[in-house]
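Undergrad: Take a look at this one; I'll ask things after.
Residue numbers (this note's numbering): 2 to 165.
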(Lines of atoms letter the chains of each structure in order from A and count residues from 1; the text may use other names and numbers.)
(Lines give C-alpha, C1' and ligand atoms only; values in the text may rest on other atoms or scores of the structure.)
Protein backbone atom coordinates (compact mmCIF):
# COMPACT_ATOMS: atom_id res chain seq x y z
CA UNK A 1 0.00 0.00 0.00
CA UNK A 2 2.83 2.43 0.85
CA UNK A 3 4.40 1.81 -2.55
CA UNK A 4 1.09 2.60 -4.27
CA UNK A 5 0.82 5.82 -2.24
CA UNK A 6 4.28 6.91 -3.40
CA UNK A 7 3.28 6.35 -7.04
CA UNK A 8 0.02 8.29 -6.61
CA UNK A 9 1.74 11.17 -4.76
CA UNK A 10 4.42 11.37 -7.45
CA UNK A 11 1.72 11.48 -10.13
CA UNK A 12 -0.17 14.21 -8.25
CA UNK A 13 3.04 16.18 -7.82
CA UNK A 14 3.66 15.96 -11.57
CA UNK A 15 0.12 17.25 -12.27
CA UNK A 16 0.69 20.24 -9.96
CA UNK A 17 4.10 20.92 -11.48
CA UNK A 18 2.69 20.78 -15.01
CA UNK A 19 -0.06 23.23 -14.04
CA UNK A 20 2.54 25.80 -13.00
CA UNK A 21 0.28 26.79 -10.11
CA UNK A 22 1.21 27.33 -6.49
CA UNK A 23 -0.64 25.82 -3.56
CA UNK A 24 -2.02 29.30 -2.87
CA UNK A 25 -3.39 29.59 -6.41
CA UNK A 26 -5.03 26.17 -6.25
CA UNK A 27 -6.41 27.00 -2.80
CA UNK A 28 -7.92 30.23 -4.12
CA UNK A 29 -9.55 28.39 -7.04
CA UNK A 30 -10.99 25.62 -4.86
CA UNK A 31 -11.89 27.54 -1.69
CA UNK A 32 -9.59 25.32 0.39
CA UNK A 33 -6.65 26.31 2.57
CA UNK A 34 -3.21 26.08 1.01
CA UNK A 35 -2.14 23.42 3.51
CA UNK A 36 -5.26 21.34 2.80
CA UNK A 37 -4.50 21.43 -0.92
CA UNK A 38 -1.01 20.15 -0.13
CA UNK A 39 -2.54 17.47 2.13
CA UNK A 40 -4.78 16.35 -0.73
CA UNK A 41 -1.89 16.14 -3.16
CA UNK A 42 0.24 14.28 -0.61
CA UNK A 43 -2.67 11.84 0.02
CA UNK A 44 -2.95 12.94 3.64
CA UNK A 45 -6.58 14.08 3.20
CA UNK A 46 -9.59 12.71 1.36
CA UNK A 47 -10.99 14.57 -1.64
CA UNK A 48 -14.70 15.15 -1.07
CA UNK A 49 -17.24 14.80 -3.91
CA UNK A 50 -18.25 18.49 -3.82
CA UNK A 51 -14.62 19.59 -4.08
CA UNK A 52 -13.57 17.20 -6.85
CA UNK A 53 -14.97 19.33 -9.74
CA UNK A 54 -13.24 22.44 -8.34
CA UNK A 55 -9.92 20.63 -8.06
CA UNK A 56 -10.30 19.20 -11.57
CA UNK A 57 -10.96 22.69 -12.89
CA UNK A 58 -7.88 24.01 -11.08
CA UNK A 59 -5.77 21.04 -12.22
CA UNK A 60 -7.14 19.91 -15.61
CA UNK A 61 -4.46 17.23 -15.98
CA UNK A 62 -5.95 15.19 -13.11
CA UNK A 63 -7.02 11.85 -14.52
CA UNK A 64 -10.16 9.97 -13.54
CA UNK A 65 -7.91 7.38 -11.88
CA UNK A 66 -6.13 10.00 -9.72
CA UNK A 67 -9.40 11.65 -8.70
CA UNK A 68 -10.84 8.25 -7.78
CA UNK A 69 -7.74 7.47 -5.70
CA UNK A 70 -7.95 10.86 -3.98
CA UNK A 71 -11.58 10.19 -3.03
CA UNK A 72 -10.60 7.03 -1.13
CA UNK A 73 -9.82 7.46 2.57
CA UNK A 74 -6.05 7.98 2.69
CA UNK A 75 -3.49 6.08 4.70
CA UNK A 76 -2.36 9.05 6.77
CA UNK A 77 1.27 8.57 7.58
CA UNK A 78 4.63 10.19 7.30
CA UNK A 79 8.15 9.12 6.55
CA UNK A 80 9.94 9.13 9.94
CA UNK A 81 13.06 10.69 8.42
CA UNK A 82 11.02 13.83 7.57
CA UNK A 83 11.88 15.15 11.04
CA UNK A 84 15.46 15.57 9.78
CA UNK A 85 14.33 18.07 7.14
CA UNK A 86 15.27 21.48 8.61
CA UNK A 87 11.90 23.23 8.08
CA UNK A 88 9.99 20.32 9.63
CA UNK A 89 12.54 20.03 12.43
CA UNK A 90 12.14 23.73 13.28
CA UNK A 91 8.33 23.46 13.32
CA UNK A 92 8.59 20.49 15.66
CA UNK A 93 11.12 22.36 17.79
CA UNK A 94 8.85 25.41 18.02
CA UNK A 95 5.87 23.33 19.12
CA UNK A 96 7.99 21.46 21.66
CA UNK A 97 9.53 24.70 22.98
CA UNK A 98 6.24 26.61 23.25
CA UNK A 99 3.98 23.59 23.85
CA UNK A 100 3.83 23.72 27.63
CA UNK A 101 2.96 27.43 27.59
CA UNK A 102 0.37 26.93 24.85
CA UNK A 103 -1.19 24.08 26.86
CA UNK A 104 -1.41 26.24 29.98
CA UNK A 105 -3.06 29.07 28.06
CA UNK A 106 -5.55 26.65 26.42
CA UNK A 107 -6.40 25.29 29.88
CA UNK A 108 -6.70 28.79 31.32
CA UNK A 109 -8.94 30.01 28.50
CA UNK A 110 -11.01 26.86 27.86
CA UNK A 111 -10.53 24.44 30.73
CA UNK A 112 -9.08 20.93 30.71
CA UNK A 113 -9.02 19.89 27.08
CA UNK A 114 -7.16 19.80 23.79
CA UNK A 115 -7.28 21.16 20.27
CA UNK A 116 -8.65 18.75 17.69
CA UNK A 117 -6.38 17.72 14.86
CA UNK A 118 -9.44 16.32 13.01
CA UNK A 119 -11.76 19.35 13.09
CA UNK A 120 -8.76 21.43 12.20
CA UNK A 121 -7.70 24.05 9.70
CA UNK A 122 -4.13 25.00 8.93
CA UNK A 123 -2.67 27.62 6.64
CA UNK A 124 0.72 29.13 5.90
CA UNK A 125 0.96 32.79 5.03
CA UNK A 126 3.73 35.20 4.16
CA UNK A 127 3.74 38.63 5.81
CA UNK A 128 6.25 41.42 6.09
CA UNK A 129 7.58 42.12 9.56
CA UNK A 130 8.03 45.56 11.09
CA UNK A 131 11.70 45.31 10.08
CA UNK A 132 10.68 44.76 6.43
CA UNK A 133 11.81 41.11 6.41
CA UNK A 134 9.58 38.26 5.29
CA UNK A 135 7.90 36.29 8.07
CA UNK A 136 6.15 32.92 8.09
CA UNK A 137 2.73 32.74 9.75
CA UNK A 138 1.47 29.22 10.48
CA UNK A 139 -2.11 29.16 11.72
CA UNK A 140 -3.51 26.17 13.60
CA UNK A 141 -7.27 26.54 13.93
CA UNK A 142 -8.70 23.54 15.77
CA UNK A 143 -11.95 22.83 17.54
CA UNK A 144 -11.65 22.75 21.32
CA UNK A 145 -12.33 19.31 22.81
CA UNK A 146 -12.89 19.23 26.57
CA UNK A 147 -11.73 16.20 28.51
CA UNK A 148 -14.72 14.46 30.06
CA UNK A 149 -15.27 12.87 33.43
CA UNK A 150 -15.59 9.13 32.96
CA UNK A 151 -18.89 8.25 34.59
CA UNK A 152 -20.19 4.71 34.23
CA UNK A 153 -23.71 6.02 33.61
CA UNK A 154 -22.50 7.73 30.42
CA UNK A 155 -20.92 4.61 28.95
CA UNK A 156 -23.27 3.36 26.30
CA UNK A 157 -21.46 0.01 26.20
CA UNK A 158 -22.10 -0.51 29.92
CA UNK A 159 -25.75 0.46 29.54
CA UNK A 160 -26.17 -2.18 26.83
CA UNK A 161 -24.49 -4.92 28.85
CA UNK A 162 -26.63 -4.11 31.91
CA UNK A 163 -29.79 -4.63 29.84
CA UNK A 164 -28.86 -8.17 28.84
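Glycine residues also receive a C-beta, built at the ideal position from the N, C-alpha and C atoms.
Counting only the same chain and skipping the five closest in sequence on each side, list residues whose C-beta sits under 6 Å from that of residue 48.
TA: Taking the chain shown and counting its residues from 1, one reaches residue 48 at position 47. Taken in chain order, the residues that qualify are 41, 71 and 72.
Undergrad: Whether or not the segment 105-116 and the segment 76-85 are in contact is what I'm after, with contact meaning three or more pairs of Cβ atoms, one per stretch, closer than 8 Å; do they touch?
TA: The answer is no - the segment 105-116 does not touch the segment 76-85, with fewer than three Cβ pairs under 8 Å.
Undergrad: Between residue 75 and residue 45, how many whole angstroms is the CB-CB distance? I'm expecting something under 8 Å.
TA: Your numbering for residue 75 matches position 74 in the chain shown. Your numbering for residue 45 matches position 44 in the chain shown. Indeed, because the Cβ distance is near 6 Å, the residues count as touching under 8 Å.
Undergrad: Below 9 Å between beta carbons: does that hold for residue 53 and residue 20?
TA: Translated into positions along the chain shown, residue 53 becomes position 52. Translated into positions along the chain shown, residue 20 becomes position 19. No, these two residues do not count as a Cβ contact at 9 Å.
Undergrad: Taking contact to mean at least 3 C-beta pairs separated by less than 8 Å, is the segment 148-163 in contact with the segment 100-107?
TA: Not touching, per the Cβ criterion.
Undergrad: According to DSSP, which residues form a beta bridge with residue 136?
TA: Numbered from 1 along the chain shown, position 135 holds the residue referred to as residue 136. According to DSSP, which records beta bridges pairwise, residue 136 is partnered with 128.
Undergrad: At what residues does the alpha helix (DSSP H) containing residue 87 begin and finish?
TA: Your numbering for residue 87 matches position 86 in the chain shown. From DSSP, the alpha helix (DSSP H) with residue 87 extends over 87-111.
Undergrad: I'd like to know whether the C-beta atoms of residue 139 and residue 123 end up nearer to each other than 9 Å.
TA: For the purposes of this step, residue 139 is taken as the residue at position 138 of the chain shown. For the purposes of this step, residue 123 is taken as the residue at position 122 of the chain shown. It is a contact, given that the beta carbons lie within the stated cut-off.
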